[in-house]
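Some notes on the structure that comes next.
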Amino acid sequence: MNDFNIVDVPGILSTPVATYDGNGNQITDDGGWHRQAAETQYVLAEFLVAKGMVVDRTAIDRSPTLTIKFSTLTPEGQVFAREAVHKWLVSMDRPTAKINDSGLEKRWQKFKAKPA
Numbered sequence: 005m006n007d008f009n010i011v012d013v014p015g016i017l018s019t020p021v022a023t024y025d026g027n028g029n030q031i032t033d034d035g036g037w038h039r040q041a042a043e044t045q046y047v048l049a050e051f052l053v054a055k056g057m058v059v060d061r062t063a064i065d066r067s068p069t070l071t072i073k074f075s076t077l078t079p080e081g082q083v084f085a086r087e088a089v090h091k092w093l094v095s096m097d098r099p100t101a102k103i104n105d106s107g108l109e110k111r112w113q114k115f116k117a118k119p120a
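Numbering (this note's numbering), first residue to last: 5 to 120.
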């Protein structure tokens, strides 16, 4: 399996975003999407580290260069990432979603409750 970034703030921040008004005219982007997407990445990174799922990391620096490779997750972290992270990221895309780790925590509790 090829390695990839499970957390990729630089990739998020370099994503082009176009914003349109009600008439379909492109308007100046206010950076809101980038702020929300980066915050989501920071919350994910902090959660993974707090649960001990990242090898050799005990803290997260909320910097625009923050990345975490899939290969740096513990075996348990890799299984959790495969099962839960995408679903949580999709839930964060809803306009009413509050960016916090409560959804990750629920998925973590469900994950830990499964028989090994």
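Glycine residues also receive a C-beta, built at the ideal position from the N, C-alpha and C atoms.
From T71 to G28, what does the alpha carbon distance come to, in whole angstroms?
35 Å
Go through the region 10-81 residue by residue and report every complete run of the beta strand (DSSP E) that reaches 3 residues or more, in order.
71-73
DSSP three-state call for A101: helix, strand or coil?
coil
Could you give the first and the last residue of the continuous alpha helix (DSSP H) run that contains K116?
S106 to A117
Grab the span of the alpha helix (DSSP H) containing V94 for me, first residue to last.
H90 to M96
F84, DSSP secondary structure in three states
helix
Under 6 Å Cβ to Cβ from L108, same chain only, skipping five residues before and after it: list those, please.
F51 and W92
Under 7 Å Cβ to Cβ from P14, same chain only, skipping five residues before and after it: list those, please.
P68, T69 and T71
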